[in-house]
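Quick notes on the structure that follows.
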Amino acid sequence: MLLLEAGKSAIQVIPMNWYITLCAVLFGLGVLGVMFRRNAIIILMSIEFMLNAVNLLLVAFSAQRSDPNAQVFVFFIMAVAAAEVAVGLAILMMVYRNTKTTDIDFLNKLKW
Amino acid sequence: MIKLAGLIPLLPLIGFAIIGLGGKKLSKTIVSSIGCGSVLLAFALALGIFFQLHGHAQDVRVMDWIVTGNMHVDLAFLIDPLSVQFLLIITGVGFLIHVYSTGYMKDDENYDRFFAYMNLFVFFMLLLVMGNNYVMMFVGWEGVGLCSYLLIGFWFKNTAYNNAARKAFIVNRIGDLGFLLGMILIYVTFGHLDFNHVFGRASEMSHDESAVLNTIGILLFIGACGKSAQIPLYTWLPDAMAGPTPVSALIHAATMVTAGIYMIARSGVIFAQAEIASEVVAIVGLLTALFAATIGLFQNDIKKVLAYSTVSQLGYMFLGLGVGAYTGAVFHVTTHAFFKACLFLCAGSVIHAMGGEQDIRRMDGLKKALPITHLTFLIATIAIAGIPPFSGFFSKDEILSHAYDHNKLYWMLGVIGSMLTAFYMFRLYFLTFGGKFRGTHDQEHHLHESPKSMTVPLMVLAALSLVGGFIGIPLMKNGHLLDKFLRPSLDGAYSKLLEPNIIHLQHELTLMGIAVAAAAAAIYFAYSIFVKSGFLPQETEAEMSKPQRVIYNKYYVDEFYDSIIRKPLDWSSDKLYRFFELRVVDSFVNGIGTAVKWSANSVRYLQAGNVGSYIFAMVIAVIAILLIKLF
Numbered sequence: 004m005l006l007l008e009a010g011k012s013a014i015q016v017i018p019m020n021w022y023i024t025l026c027a028v029l030f031g032l033g034v035l036g037v038m039f040r041r042n043a044i045i046i047l048m049s050i051e052f053m054l055n056a057v058n059l060l061l062v063a064f065s066a067q068r069s070d071p072n073a074q075v076f077v078f079f080i081m082a083v084a085a086a087e088v089a090v091g092l093a094i095l096m097m098v099y100r101n102t103k104t105t106d107i108d109f110l111n112k113l114k115w
Numbered sequence: 007m008i009k010l011a012g013l014i015p016l017l018p019l020i021g022f023a024i025i026g027l028g029g030k031k032l033s034k035t036i037v038s039s040i041g042c043g044s045v046l047l048a049f050a051l052a053l054g055i056f057f058q059l060h061g062h063a064q065d066v067r068v069m070d071w072i073v074t075g076n077m078h079v080d081l082a083f084l085i086d087p088l089s090v091q092f093l094l095i096i097t098g099v100g101f102l103i104h105v106y107s108t109g110y111m112k113d114d115e116n117y118d119r120f121f122a123y124m125n126l127f128v129f130f131m132l133l134l135v136m137g138n139n140y141v142m143m144f145v146g147w148e149g150v151g152l153c154s155y156l157l158i159g160f161w162f163k164n165t166a167y168n169n170a171a172r173k174a175f176i177v178n179r180i181g182d183l184g185f186l187l188g189m190i191l192i193y194v195t196f197g198h199l200d201f202n203h204v205f206g207r208a209s210e211m212s213h214d215e216s217a218v219l220n221t222i223g224i225l226l227f228i229g230a231c232g233k234s235a236q237i238p239l240y241t242w243l244p245d246a247m248a249g250p251t252p253v254s255a256l257i258h259a260a261t262m263v264t265a266g267i268y269m270i271a272r273s274g275v276i277f278a279q280a281e282i283a284s285e286v287v288a289i290v291g292l293l294t295a296l297f298a299a300t301i302g303l304f305q306n307d308i309k310k311v312l313a314y315s316t317v318s319q320l321g322y323m324f325l326g327l328g329v330g331a332y333t334g335a336v337f338h339v340t341t342h343a344f345f346k347a348c349l350f351l352c353a354g355s356v357i358h359a360m361g362g363e364q365d366i367r368r369m370d371g372l373k374k375a376l377p378i379t380h381l382t383f384l385i386a387t388i389a390i391a392g393i394p395p396f397s398g399f400f401s402k403d404e405i406l407s408h409a410y411d412h413n414k415l416y417w418m419l420g421v422i423g424s425m426l427t428a429f430y431m432f433r434l435y436f437l438t439f440g441g442k443f444r445g446t447h448d449q450e451h452h453l454h455e456s457p458k459s460m461t462v463p464l465m466v467l468a469a470l471s472l473v474g475g476f477i478g479i480p481l482m483k484n485g486h487l488l489d490k491f492l493r494p495s496l497d498g499a500y501s502k503l504l505e506p507n508i509i510h511l512q513h514e515l516t517l518m519g520i521a522v523a524a525a526a527a528a529i530y531f532a533y534s535i536f537v538k539s540g541f542l543p544q545e546t547e548a549e550m551s552k553p554q555r556v557i558y559n560k561y562y563v564d565e566f567y568d569s570i571i572r573k574p575l576d577w578s579s580d581k582l583y584r585f586f587e588l589r590v591v592d593s594f595v596n597g598i599g600t601a602v603k604w605s606a607n608s609v610r611y612l613q614a615g616n617v618g619s620y621i622f623a624m625v626i627a628v629i630a631i632l633l634i635k636l637f
């Protein structure tokens with residue numbers, strides 16, 4: 004509890020705007036990664052990037068406001084993200100086995 | 007026999023179909039025999055009908071043609087003296103011209119195409135004179151226009167010939183508009199286009215209603231002006247000389263240009279009630295007769311002289327129609343068909359002998375080399391000059407005496423016109439056949455009489471020009487066989503017009519005497535200039551006197567039309583093209599294309615199946631939503 008308090012106050016030392024800016028930058032990097040990279044694995048990583056940016060923001064807000072509710076969301080997001088990556092990677096593995104590539108421009112079968 | 011009338015136009019049509027479809031696969035013998043044979047059979051049928059007619063008029067219905075609402079047009083033929091008269095001319099003279107063509111066109115590579123067109127021409131002309139309503143007449147009317155285009159431009163590799171063909175076609179279209187409007191007005195007025203109905207109703211019309219009849223008459227006459235080459239639409243006819251000579255003969259003598267005469271003679275009932283229109287017909291005819299005759303004085307192309315003489319003679323026929331000499335006009339059509347066909351075919355024979363030379367200044371002295379052509383040409387020339395007892399005298403005299411009856415001035419101008427005709431025709435004759443040969447040595451060596459296939463039709467036509475006039479001997483009781491024959495058809499026209507005064511015998515003889523003396527004087531004048539003094543028309547325009555130059559250049563009418571009609575049209579079309587077409591229409595059309603391309607280009611990413619672009623769209627959409635929520 005004490006540790007938590009210490010952590011909380013440490014978080015609170017840094018102004019909120021900095022968190023927001025950092026998270027926005029992180030999120031934006033994630034978006035750019037998703038949009039412009041062609042390797043499916045890196046795209047998955049970029050998605051994690053965005054999720055983590057959101058997680059970070061939630062944590063920052065939660066500490067700032069001394070409201071633990073947001074922490075629950077963070078927990079959920081992590082769990083869902085893990086599950087998603089497990090499924091996503093599994094699909095990707097199968098795709099790779101069949102096509103020997105993870106290039107998403109090559110994998111344009113979504114149009115069917 | 008009369009029931010078989012439908013076969014008459016059908017035969018040349020079948021001929022056209024066989025020759026046209028068979029094309030080069032048929033030998034020349036087969037083409038000639040089908041081409042000539044179909045017309046000959048038609049002539050035989052027409053002759054049979056002629057002997058069975060006995061002055062009756064009969065409708066031969068083939069089938070319903072146009073039945074819509076109140077309009078009912080039959081595909082039906084009207085067989086009466088007037089149409090039979092024209093049938094005989096068209097098929098008879100047409101047959102001779104076909105036979106002549108087998109010789110004239112012998113070495114042409116498109117022999118089959120030529121005969122196919124000729125048969126089609128005859129078919130449409132027959133349709134024109136046989137139809138029992140204005141619609142069928144119009145179909146034939148347009149058909150001969152088409153065929154004249156095809157035949158005038160027969161040697162289509164020559165641009166000048168093609169232009170002549172186009173000119174004929176377009177000038178005719180202008181006249182056709184008049185005819186079409188006249189037809190519409192007839193339908194609006196009478197509710198019918200059948201001759202029987204229209205003339206029946208027209209003859210019952212009171213004098214107060216003559217305004218509409220005058221309008222109809224003038225509109226129809228505009229159509230006739232186009233086909234029959236009257237002022238102001240005559241310019242196509244001299245240019246039409248570009249076609250092969252038998253074509254000129256066919257167009258000028260037996261078909262096409264007589265269509266206008268036929269149409270007005272057929273509509274005689276309307277014209278008899280439309281005094282203003284009749285007066286217009288007479289005046290335009292008279293002016294054309296004089297105008298074309300003066301141009302004929304200075305032409306140096308053998309066919310052009312004949313072309314202007316046709317325009318001039320057609321003017322006489324319209325003068326006749328205008329002053330009420332319906333029989334006289336048809337009579338003149340008949341005799342004109344004989345001697346003009348003969349003249350043209352002689353000209354063809356001369357051109358043949360001269361190896362394509364058409365300038366009379368380089369001919370002369372052909373008397374010895376071409377004895378038959380010379381003699382037949384001389385007979386036809388005397389006939390057209392109006393010297394008795396050759397055929398032209400009788401028909402021209404009938405028109406002139408009616409003109410005298412109508413208006414003394416018309417008669418006087420008519421006599422002057424006939425003097426001019428006699429002068430330029432004999433000028434042509436003397437320059438072509440008299441004196442010494444003026445061509446090159448090669449040409450002189452080449453001179454030869456044409457083959458039998460060409461000279462026999464010439465002889466037949468010359469004989470007809472010689473005796474053809476006796477079907478209408480004036481002054482004698484029952485001497486005018488043609489008038490008696492045509493009476494049933496033209497009665498409606500005559501009953502309304504004042505019955506032409508039976509001019510006093512002595513009076514009539516004086517008139518004849520004056521006309522013949524005038525023609526003879528003109529011939530003597532031509533003789534003294536071109537034979538005695540050996541005068542030769544100047545080679546270049548620079549040597550001519552000013553009025554001569556104006557006439558030589560046909561009064562610059564073509565140039566006049568060019569500057570007031572063609573040039574402004576060209577100019578405005580060019581401007582419209584540059585501004586409206588290129589800027590407005592093109593940019594609009596191209597704009598639509600560009601817009602579609604652009605939008606397709608932008609939307610196609612939605613369908614590409616490309617993950618990146620889907621995500622991109624998603625991100626853009628999210629940002630857009632956020633922005634909307636924000637503001």
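For the protein sequence lines, the chains are D and U, in the order given. First residue of the first sequence: 4, per our numbering; consecutive thereafter. First residue of the second sequence: 7, per our numbering; consecutive thereafter. C-beta: ideal position from N, C-alpha, C; glycine also. Here the structure is a predicted model, which is why all the values come from computation and not from measurement.
* To do: Alpha carbon to alpha carbon, how far is K112/U from T241/U? Give it in angstroms, no decimals.
  => Within the second sequence, residue 241/U is the residue found at index 235, counting from 1. Within the second sequence, residue 112/U is the residue found at index 106, counting from 1. Spanning the two alpha carbons is a distance of roughly 30 Å.
* How many angstroms separate the CA atom of K373/U from the CA atom of T340/U? -> Counting from one through the second sequence, the residue named residue 373/U turns up at place 367. Counting from one through the second sequence, the residue named residue 340/U turns up at place 334. Distance between the alpha carbons of K373/U and T340/U: 28 Å.
* Asked: Where does T74/U sit, in a helix, a strand or coil, going by DSSP?
  -> Start at 1 with the first residue of the second sequence, and residue 74/U comes out as number 68. Reduced to three states, the DSSP call for T74/U is strand.
* Positions along the stretch 19-33 of chain D whose CB lies within less than 7 Å of some CB in chain U -> none
* Residues that L81/U bridges to, as DSSP identifies them -> What you label residue 81/U is simply residue 75 of the second sequence in a count that begins at 1. In the DSSP output, where bridge partners are listed per residue, L81/U has M69/U.
* To do: Measuring alpha carbon to alpha carbon, tell me which of E587/U, S273/U, G328/U, Q279/U ends up nearest I289/U.
  => If you number the second sequence from 1, residue 289/U lands on position 283. Nearest option by C-alpha distance: G328/U.
* Where the stretch 594-610 of chain U meets chain D: residues whose CB sits under 9 Å from a CB there -> none
* Asked: Using the beta-carbon count (16 or more within 10 Å), is W147/U buried or exposed?
  -> Taking the second sequence and counting its residues from 1, one reaches residue 147/U at position 141. Buried: at least 16 other Cβ atoms inside 10 Å.
* To do: Could you list which residues in chain U have their beta carbon closer than 9 Å to that of D108/D, in chain order?
  => Locating residue 108/D in the first sequence gives position 105, counting from the first residue. Those are N616, V617, G618, listed as they occur along chain U.
* Anything in chain D within Cβ reach of I634/U, meaning under 7 Å, just list it in chain order. => One-based indexing of the second sequence puts residue 634/U at position 628. Here the premise fails: no neighbours, minimum Cβ distance about 19 Å.
* According to DSSP, is D307/U helix, strand or coil? -> By 1-based counting over the second sequence, the position of residue 307/U is 301. Looking at D307/U - three-state DSSP - the assignment turns out to be strand.
* Work out the CA separation of A391/U and T427/U for me, nearest whole Å. => In the second sequence, the residue the question calls residue 427/U occupies position 421. In the second sequence, the residue the question calls residue 391/U occupies position 385. Spanning the two alpha carbons is a distance of roughly 6 Å.
* Asked: So with Cβ pairs under 9 Å, would you call I621/U a contact of chain D?
  -> Residue numbering aside, residue 621/U sits at position 615 when the second sequence is read from its first letter. It does; some Cβ of chain D falls within 9 Å.
* To do: Could you tell me whether the Cβ of M38/D comes closer than 9 Å to any Cβ of chain U?
  => Your numbering for residue 38/D matches position 35 in the first sequence. Chain U contact via Cβ: present.
* Asked: Counting contacts by CB-CB distance shorter than 9 Å, is V625/U in contact with chain D?
  -> As a first step, residue 625/U is located in the second sequence; it is residue number 619 there, counting from the start. Yes, because at least one Cβ of chain D sits closer than 9 Å to the Cβ of V625/U.
* To do: Return the chain-ordered ranges of every alpha helix (DSSP H) run that is complete within the stretch 378-441 of chain U and spans a minimum of 4 residues.
  => The qualifying runs are 397-412, 414-439.
* Near L467/U, what residues of its chain come up, given a Cβ to Cβ distance below 8 Å and the 5 sequence neighbours on each side ignored? -> Position 461 of the second sequence, counted from the first residue, corresponds to residue 467/U. Here the set comprises V99, L102, F344, F345, A347, C348, L351, T382, A386.
* Please decide whether I45/D counts as near chain U, where near means a Cβ-Cβ distance under 9 Å. => Taking the first sequence and counting its residues from 1, one reaches residue 45/D at position 42. Any Cβ of chain U closer than 9 Å to the Cβ of I45/D would place that residue at the interface, and such an atom is absent.
* Compare the beta carbon distance of N220/U and A280/U with 9 Å and say whether it is the shorter of the two. => Along the second sequence, one-based indexing puts residue 220/U at 214. Along the second sequence, one-based indexing puts residue 280/U at 274. Cβ atoms of N220/U and A280/U: closer than 9 Å.
* To do: Please list, in chain order, all residues of the same chain as T195/U whose beta carbon is under 6 Å from its beta carbon, the five residues on each side excluded.
  => The residue you call residue 195/U lines up with position 189 of the second sequence. Contacts found: V218.
* Could you tell me if N139/U is buried or exposed, where buried requires 16 or more neighbouring beta carbons within 10 angstroms of its beta carbon? => The residue given as residue 139/U occupies position 133 in the second sequence. Under this definition N139/U is a buried residue.
* **Same chain, Cβ closer than 6 Å to N58/D, neighbours up to 5 away in sequence not counted** => Taking the first sequence and counting its residues from 1, the one referred to as residue 58/D is at position 55. These residues qualify, in order along the chain: V77, I80.
* Asked: So, is the C-beta of R41/D closer than 9 Å to a C-beta in chain U?
  -> Within the first sequence, the letter at position 38 stands for residue 41/D. Yes, R41/D counts as interfacial toward chain U.
* Asked: In three-state DSSP terms, what is H486/U?
  -> The residue given as residue 486/U occupies position 480 in the second sequence. The answer is strand: DSSP assigns H486/U an E or B state.
* Out of D497/U, D80/U, H258/U, point me to the one whose CA is closest to R67/U's CA. => For this step, residue 67/U is matched to residue 61 along the second sequence. Of the candidates D497/U, D80/U, H258/U, the one whose C-alpha sits nearest the C-alpha of R67/U is D80/U.
* Asked: Taking the alpha carbon of A82/U as the point to measure from, which residue in F201/U, N169/U, V177/U, T165/U has its own alpha carbon closest?
  -> Along the second sequence, read from residue 1 onward, the residue named residue 82/U stands at position 76. The shortest C-alpha separation from A82/U is found at F201/U.
* If you pair each beta-carbon of the stretch 453-465 of chain U with each one of the stretch 558-570 of chain U, do three or more pairs fall below 8 Å? -> no
* Asked: Would H198/U pass as a contact of H380/U if the rule is Cβ separation under 9 Å?
  -> To locate residue 198/U, count along the second sequence from 1; it is residue 192. To locate residue 380/U, count along the second sequence from 1; it is residue 374. Their beta carbons are not under 9 Å apart, which means H198/U does not touch H380/U by this criterion.
* CB V128/U to CB A48/U, shorter than 9 Å? -> As a working mapping, residue 128/U is identified with position 122 in the second sequence. As a working mapping, residue 48/U is identified with position 42 in the second sequence. For V128/U and A48/U, yes; Cβs fall inside 9 Å.
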